[in-house]
Amino acid sequence: MSDAEIYYKSAGELIDGYRRRELSPVEVTDAILERIEEVNPQLNAFVTVTPERAREDAKRAEHAYRTDDPPPLAGVPLSIKDLVATKGIRTTRGSLLDPDWVPDANPVFVQRLFDAGVVMLGKTNTPEGGWKGETTNRVAGTTRNPWNLERTPGGSSGGASAAVAAGLGPLAQGGDGAGSIRIPAAFSGIFGHKPSFGRIPYPGSAATQMAHPGPMTRTVRDAAKMLDVMAGPDSSDRFSLAKAPSFAEDIEGGVAGLRVAWSVDLGYAEVEPEIAALTAAAARKFEDLGCTVEEAHPGLYDPWDIVDIFFAMGQAGPVADRLDEVGHMLDQGRLKMIEHTLDWRAVDVQQASSKRDEYWNGMCKFFETYDLLLTPTVPVAAFEAGIDYPQTINGVEMSYLGWTPFTYPFNLTGQPAASVPVGFTSDGLPAGLQIIGRWRDDAIVLRAAARFEEAMPWAGRKPSI
Amino acid sequence: MSAQDVWALSATQLIEQYQAKQLSPVEVTEAILNRIAEYDGTLNAYVTRTPERAIEDARRAEAAYHDGTAGPLAGVPVAIKDLTPTKGIRSTFGSLLYESYVPDEGTPDVERLEAAGMVMLGKTTTPEFGWKGDSGNRVNGPARNPWNTDLTPGGSSGGSGAAVAAGLATLASGSDGAGSIRIPSSFCGIYGLKPTTGLIPRVPSSMSVHSHLGPMTRTVLDAALYLTIAAGQDQRDRSSWSSGIDYYSEMRDGVDISDLRVAWSPDLGYAEVDPAIAEVVAGAIEVFEGLGCRVVEAHPDAGDPWPIIEVIFAASQLSRHVDDLDEVRDRLDPGRVELLEHAQSFSAADIMRANTGWNDYYHVWREFMRDYDIILTPTMACPPFRAGEHKPDLVNGKPTTYLGWTGFAYQFNLTGQPASSIPCGFTSDGLPVGLQIVGRYRDDLTVLRASAAFEAASPWPQIAPDYA
């Protein structure tokens, strides 16, 4: 078996191989660590690599497969996004403020992954505090897209998506506060799932209820396996949802008869024509799967003004009180966004909160008629690495995050939303289709993604890096 | 009990007698409607009465008992708090701005009570948008306490508290954003439960989850029945969830709580309490010891979270009028206008700090509750004050602040923990005193079980004496 055959194996394939003793966690881990050493200097996907820890984890997994009951992800190499604390492993959050922080505890979902036997590869790059849809920061620099090194893999989980797309571990944990799992999944040609709010407990989400941790993988089944491990209630998160049946088991079910809405623009978005064409063709595939597909959208306004308040307040929270002292250490684009929150009054936030509730209601009504909504994930293909956002889309000038009109609405509503690869632009850059379900109905979203993956498989095409 | 006293029966007693064909929903409903006509002129518990609808509902329930299709609440007369919008029934929110508002959509809790067969009596009096712990407003004036009509029944679910305590409803709905179920339950000598955040879904849903819906009843079993019917997730409320527990069935055959680990705090480390209240509540603690519980005096080292709830509560109130405050000011409650003006001074950063503090506060209580199944406190720090005022002047001889006098209530709006108020005795003036029983987040059943055990050991009068 060639190395490429090993490092592009899915978690499911690895686990089967381990069980049958055809593969060894130690050998797979070595192959992937070698691959990281080889390509990470070009990609800059990892801020911190943990090879010793990885080898220890691999040995433990090897031993576990000699027992009757290996944990569910034993020996599967995985990375954690560097915005998330990891016990004993440096966590920079892409920020110069405390770049040598070594946390002394894991959030519950990280602990669950570790307890499930994963091989910890390291921490993946992000913009500072996850503030934008591109992955550059002042600690580790710019992450690049494996499909074209001049381009961004997206953000803020850009290190995660670049790693998964380039064969640097089949599983990556991402986080999504306005699109940060789905944007890089689309730009990097992989699968990403932003679960329902509360599906994966994350106490850090409580104040603004925007951030969602989730799986980023090359196959839908891998994401379901990873979600099974990460999901479930925990008292550390008062919004965490009750235990759901296994997503990995449910995923084999059909989608025939589902009522699917497809909207190329949600009634307000600018979209590059090539992306519109690729995603429209992908949406039509759902008819082949037995769904009824209608062009429809909820008829709501662009909720950017509401998103702006919650997203920016979340960014400002940790530093707003000490901007004089630390402002110069921040990414200057992020600083500008944080300064912009200082003009807001408490009542602006509470009013945004009421508008958010109204928006949620409107979305709920739409989903009384439809089981799924399909949109482009992002209206543009991967833009130049190192800039904050694409300057224009479809000839129209863009603003900070205004260029991601399809992702942030579902951070407001907390609905499950995934991005599946649907093909490539004429420049050879991946495009993604977003699949949105009813709140808490992650199972249907994953199922639809899995049936789509069978109908229009993407795993065959690999970046040349 | 005389045949005429059907209005004093609990919901579970009524249902038993309906099932046995010993009572008819129509006669019970008529008896309660007669009492409303007779006494509500004084008590002002209702802002809107729906007698025709009640008789219709009762007839439907009667038919349902005949043909075997009766729902779990069929024929039970219920009052709904007027802060809950009700489809086709005027909903004023205690505000002149909504004096004639008739919503065209209802809410999941009321829809579920209706589907279970309740008899709709009407809407109960609240202060304007629930802004205070008394129930006076500019639409229909102050509700009054059946134990002493000079005094307040508390608020903001004061109409509900008065109706249940005077036998003008068998059950009532309440809502609690900073104590508004527990304050009137304590002041009116009835049982009230603020369930865990989201157990009863709220529509319109709100991201700001300090607000809760819950039952106000004369018996603990009635609250369990109400909760079983009204609880469970609804797509319209993102904070809603299902426990999968049938609270009523769990409780029906009695409870044993000798295994509970109980904390008790007379002041949470900082609250002022009138000595008369402290003494009655201390007596109630002995009842728990008598039930075999291990009771330890303890409280978390958390400090008073009033600054957190103040920002959140005041800014939420202001957000209703952010675009038109100057235009509507003269139609608002002047006391509330003061609150709104105060809220204008808060910045977005204050909200963020409050939200962060809120989360930290949740975690302090979560750690504390690892060692205890429930914690007991006084519900209120003082007896009822004069009806129509905004707050008591003094507690334990000290001047009070806006909601600072409810020093045991708003804490659990922040933590989301289930918290009930149960009658536990009387002041020397004969006014009811409530004991607060608080459980772990999402463990509403333990609060109900502890309440039922206390109720069995230390029963209370079902109806205020002047109305019995």
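Going down the list, the protein sequences come from chains A and B.
If you count the first sequence from 1, you need to add 1010 to reach the working numbering.
If you count the second sequence from 1, you need to add 140 to reach the working numbering.
Glycine included, C-beta positions come from ideal geometry on N, C-alpha and C.
The structure presented is a predicted model; accordingly, all values stated were derived computationally and were not measured.
Answer with yes or no whether the minimum CB distance from residue i to chain A is below 8 angstroms.
i	result
residue 486 of chain B	yes
residue 550 of chain B	no
residue 610 of chain B	What the structure shows of chain B is the stretch from 141 to 608, and residue 610 of chain B is not part of that stretch, so it cannot be assessed.
residue 475 of chain B	no
residue 354 of chain B	no
residue 559 of chain B	no
residue 591 of chain B	no
residue 141 of chain B	With a pLDDT of 46 at residue 141 of chain B, under the threshold of 50, the modelled position of this residue cannot be trusted; read the value that follows with caution. By this cut-off, residue 141 of chain B is not an interface position.
residue 506 of chain B	yes
residue 502 of chain B	yes
residue 455 of chain B	yes
residue 344 of chain B	yes
Using beta carbons (cut-off 8 angstroms, strictly below), is residue i in contact with chain B?
i	result
residue 1190 of chain A	no
residue 1463 of chain A	no
residue 1187 of chain A	no
residue 1256 of chain A	no
residue 1457 of chain A	no
residue 1358 of chain A	yes
residue 1216 of chain A	yes
residue 1420 of chain A	no
residue 1332 of chain A	no
residue 1251 of chain A	yes
residue 1448 of chain A	yes
residue 1351 of chain A	yes
residue 1125 of chain A	no
residue 1117 of chain A	no
Between the options, which has its C-alpha nearest residue i's C-alpha?
i	options	result
residue 580 of chain B	B:543, B:508, B:375 and B:604	B:508
residue 441 of chain B	B:468, B:408, B:420 and B:430	B:408
residue 389 of chain B	B:377, B:362, B:302 and B:405	B:362
residue 312 of chain B	B:339, B:370 and B:245	B:370
residue 435 of chain B	B:577, B:455 and B:360	B:577
residue 1385 of chain A	A:1260, A:1430, A:1034 and A:1235	A:1430
residue 491 of chain B	B:454, B:471, B:255 and B:478	B:454
residue 1143 of chain A	A:1464, A:1270 and A:1390	A:1390
residue 498 of chain B	A:1076, A:1162 and A:1217	A:1217
residue 1236 of chain A	A:1022, A:1265 and A:1148	A:1022
residue 1324 of chain A	A:1436, A:1451 and A:1221	A:1221
residue 591 of chain B	B:418, B:501 and B:395	B:395
residue 376 of chain B	A:1376, A:1342, A:1383 and A:1111	A:1376
residue 1029 of chain A	A:1047, A:1071 and A:1241	A:1071
residue 994 of chain A	A:1407, A:1427 and A:1394	Because chain A is modelled from 1011 through 1475, residue 994 of chain A falls outside the range shown and cannot be assessed.
residue 438 of chain B	B:292, B:512 and B:225	B:512
residue 994 of chain A	A:1178, A:1177, A:1167 and A:1465	What the structure shows of chain A is the stretch from 1011 to 1475, and residue 994 of chain A is not part of that stretch, so it cannot be assessed.
residue 406 of chain B	B:556, B:558 and B:422	B:422
residue 1353 of chain A	A:1363, A:1407, A:1330 and A:1372	A:1330
Could you pull the start and end residues of the beta strand (DSSP E) that residue i belongs to?
i	result
residue 404 of chain B	401-404
residue 564 of chain B	559-566
residue 331 of chain B	331-334
residue 278 of chain B	Element bounds for residue 278 of chain B: n/a, residue is neither H nor E.
residue 391 of chain B	Not the beta strand (DSSP E): residue 391 of chain B falls in the alpha helix (DSSP H), residues 387-392.
residue 219 of chain B	217-221
At which residues does the alpha helix (DSSP H) containing residue i begin and terminate?
i	result
residue 1305 of chain A	Note, residue 1305 of chain A: premise wrong, no alpha helix (DSSP H); beta strand (DSSP E) at 1302-1305.
residue 324 of chain B	322-328
residue 1299 of chain A	Segment: none, residue 1299 of chain A is in no alpha helix (DSSP H) and carries neither H nor E.
residue 300 of chain B	298-305
How do the stretch 292-306 of chain B and the stretch 548-565 of chain B stand: do at least 3 beta-carbon pairs fall below 8 angstroms, yes or no?
no
The stretch 1074-1084 of chain A contacting the stretch 1112-1127 of chain A, beta-carbon criterion three pairs below 8 angstroms:
yes
Sufficient close CB pairs (3 or more, under 8 angstroms) joining the stretch 1345-1360 of chain A to the stretch 1390-1404 of chain A
no
Starting from the N-terminal side, write out each stretch of the beta strand (DSSP E) that is 3 residues or longer and does not extend beyond the stretch 482-552 of chain B.
514-518
Ordered list of alpha helix (DSSP H) runs contained in the stretch 147-207 of chain B, each at least 4 residues
151-159, 165-183 and 191-207
Is the stretch 1437-1457 of chain A in contact with the stretch 1260-1268 of chain A, if contact means three or more CB pairs nearer than 8 angstroms?
yes
With three or more beta-carbon pairs closer than 8 angstroms as the criterion, would you say the stretch 413-422 of chain B touches the stretch 148-156 of chain B?
no
Does the stretch 273-288 of chain B come into contact with the stretch 565-576 of chain B, if we say contact requires no fewer than three beta-carbon pairs (one atom in each stretch) closer than 8 angstroms?
yes
Can you list, in chain order, the stretches of the alpha helix (DSSP H) that have 4 or more residues and sit fully within the stretch 1169-1200 of chain A?
1192-1198
For the pair the stretch 1091-1111 of chain A and the stretch 1195-1205 of chain A, tell me if three or more CB-CB distances fall below 8 angstroms.
no
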